[in-house]
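To start, the structure itself, in structure tokens.
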Amino acid sequence: MQSLQAFVPAEWQGSFNLLSAPIAWIPKWHTAMINFAWYGDSTLEIVLKRGVILLPMLLVIVGVWVTMASLYTIPFRSNRGRFATAMLTSWWDAGRTAWFFWAGLVRLAFVIVGWIWGLTRLVGRLVVAAVKAGFQSPLRLLDWTSRNYFKPGVPWLAFLALMLWSAVEALIFMYTLQPTLTEVLAGITGFEPDPRVVAPLLWVFLYFLVLGSFACVYALATAIREKDVAAIVQMSFVELFVMFFEVVFLYRELIDAITPWVAQTTNEQLRLGLFSTLALASFGWVGVRGMTWFLFGRYGTPALVAVLARETISQNTVAGQVSPAAQPGFWKAPVAALKAETEWFQREARKLFEMLSLPVLQLAAAAVNFPVVALGSRPLFALPFRSLDEVLVKTPRIGFARRPMPSAGPQPATDSGGA
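Going letter by letter, the sequence shown gives residues 2 to 420 in my numbering.
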């Protein structure tokens with residue numbers, strides 16, 4: 002204003018000061034308000050001022066500039082009452098939108114605190130549920146076993162016990178036979194083989210031998226149960242050969258391991274010979290096979306044979322048994338849950354976006370209303386906005402309607418089947 006006053010002649014200085022009085026004070030006040038809303042003594046104060054005071058202060062500055070500048074247009078207006086009413090309404094809307102802006106910030110803070118509290122409670126519930134599930138899972142497993150395992154079906158527990166026992170027995174015999182096998186391979190090849198290669202190969206070989214021993218016992222038991230004399234005689238000879246092989250090459254090594262203990266206990270008076278060693282090994286084989294067979298071998302071996310032969314284990318059907326109802330697809334429940342969660346996130350994101358945008362849009366609309374009222378004596382927006390949909394509805398479309406083109410009359414039909 003001082004720069005403009007310098008260009009005015011001296012005789013017009015009084016008139017210029019009188020005419021510029023409505024707006025002469027605004028630049029200094031404008032600068033003071035902006036400095037107050039933009040700067041602060043600490044980072045927290047700066048953040049609070051810029052987030053809480055800056056936008057309403059800009060609205061007030063726009064309103065003051067437009068209101069003071071529009072005073073110069075009052076002598077030339079035809080409907081001054083309507084203009085004054087619209088200007089007062091604009092200031093009323095500015096005050097309401099500023100208050101709604103601060104109330105919206107408080108509401109957003111409460112919503113964020115509520116979400117944090119809800120998330121904390123959810124995490125706490127999940128932790129408590131995980132701890133309870135950890136304590137209850139053994140009981141639930143036992144309950145499930147008691148209700149479901151004893152139904153007709155594949156004896157998985159016996160099958161797994163058979164596989165585990167065969168693996169353990171093969172591991173024991175691997176350690177007892179590994180020195181002998183290493184000496185034999187060294188005599189054949191001329192160099193000592195690597196134990197890291199011999200041990201896994203020997204374990205696999207012994208593992209299948211133990212499983213084959215159970216299969217032979219199963220075949221003999223099946224032949225006796227069906228009273229098939231030819232099969233009984235055949236499987237008896239096979240079982241004797243199996244017993245001879247395992248006693249001589251496997252269980253004999255265990256008896257040789259306890260021979261020094263027997264000699265030490267009897268003061269060298271009892272030394273095991275050939276027949277006594279084989280007899281003890283045979284008793285050991287019969288005892289181990291008998292205990293394991295009656296515990297889990299007679300139930301797990303048929304399942305193993307059926308798996309190898311790709312046969313179905315038949316079960317006697319109960320009269321009047323109702324087949325279970327068809328279960329829905331396993332993917333429907335996860336997809337439905339995913340859709341529900343997606344819809345919930347979309348609703349919450351829209352709500353959060355509305356709480357962030359609506360107060361700012363109302364301040365912007367109130368600021369736009371001031372120059373529109375100064376030009377046309379009527380506001381552009383009807384405030385306040387209650388939702389984003391209302392913002393879209395109340396946004397005017399300013400422009401010229403395009404005139405429809407005159408019709409040129411009916412067009413002659415064209416032949417679509419031209420040459």
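For glycine and all other residues, C-beta sits at the position ideal for the given N, C-alpha and C.
Item: Cβ-based neighbour list, PRO380, same chain, cut-off 8 angstroms, excluding 5 preceding and 5 following; Value: ALA87, THR90, SER91, ASP94, ASN370, VAL373 and VAL374
Item: Environment of GLN137 [buried if 16+ CB atoms lie within 10 Å]; Value: exposed
Item: Alpha-carbon to alpha-carbon, LEU279 and LEU203; Value: 23 angstroms
Item: Span separating the alpha-carbon of LEU273 from that of VAL249; Value: 15 angstroms
Item: ASP229, DSSP secondary structure in three states; Value: coil
Item: Proximity winner among ALA38, PHE246 and TRP294, relative to LEU59 (alpha-carbon distances); Value: ALA38
Item: Same chain, Cβ closer than 6 angstroms to SER71, neighbours up to 5 away in sequence not counted; Value: ALA375
Item: Neighbour-count burial assignment, PHE242, 16 or more Cβ in a 10 Å radius; Value: exposed
Item: GLY285 versus TYR176 - alpha carbon distance; Value: 18 angstroms
Item: Contiguous alpha helix (DSSP H) assignments of at least 4 residues, all confined to the stretch 250 to 313; Value: 253 to 266, 275 to 293 and 299 to 310
Item: Whether ALA224 touches ALA232 by CB criterion (8 angstroms); Value: yes
Item: Contact check, GLY105 vs MET356, beta carbons under 8 angstroms; Value: yes
Item: LEU178 beta carbon less than 8 angstroms from that of GLU254; Value: yes
Item: ARG1 classed as buried or exposed, judged by whether at least 16 other C-beta atoms fall within 10 angstroms; Value: In the structure as shown, the chain starts at 2 and stops at 420, and residue 1 therefore has no counterpart that could be examined.
Item: Cβ distance (whole Å) where LEU364 is taken to contact VAL392 below 8 angstroms; Value: With a Cβ gap of about 13 angstroms, LEU364 and VAL392 do not count as contacting.
Item: Sub-8 angstroms separation of PHE101 and PRO57 beta-carbons; Value: no
Item: Contact check, PHE297 vs ALA162, beta carbons under 8 angstroms; Value: yes
Item: Boundaries (first-last residue) of the alpha helix (DSSP H) holding ILE47; Value: 44 to 49
Item: Contacts around TYR208, its chain only, beta-carbon distance under 7 angstroms, and the 5 residues preceding and following it disregarded; Value: SER167, ALA168 and ALA171
Item: ARG387 (DSSP reduced to helix, strand or coil); Value: coil
Item: First through last residue of the alpha helix (DSSP H) which encompasses PRO76; Value: Per DSSP, PRO76 belongs to no alpha helix (DSSP H) and is neither H nor E.
Item: Element boundaries [alpha helix (DSSP H), containing LEU165]; Value: 157 to 190
Item: Option nearest PRO23 by Cα separation, candidates MET69, SER43, ILE62 and GLY64; Value: MET69
Item: Short Cβ contact (8 angstroms threshold) for LEU221 with GLU240; Value: yes
Item: Distance CB(GLY41)-CB(LYS50) smaller than 8 angstroms; Value: yes
Item: Boundaries of the alpha helix (DSSP H) in which TRP26 is found, first to last residue; Value: It is not in any alpha helix (DSSP H) - TRP26 carries neither H nor E in the DSSP assignment.
Item: Rounded Cβ spacing between LEU182 and VAL205 (contact assumed at less than 8 angstroms); Value: With 8 angstroms as the limit, LEU182 and VAL205 do not qualify as a contact, their Cβ atoms being about 13 angstroms apart.
Item: Residue environment, LEU20, which counts as buried when at least 16 other CB atoms sit within 10 Å; Value: exposed
Item: Three-state secondary structure (DSSP) of LEU371; Value: Looking at the sequence itself, residue 371 is Phe, so the reference to Leu does not match. Correct three-state label for PHE371: helix.
Item: Whole-angstrom distance between LEU158 and GLU227, CA atom to CA atom; Value: 26 angstroms
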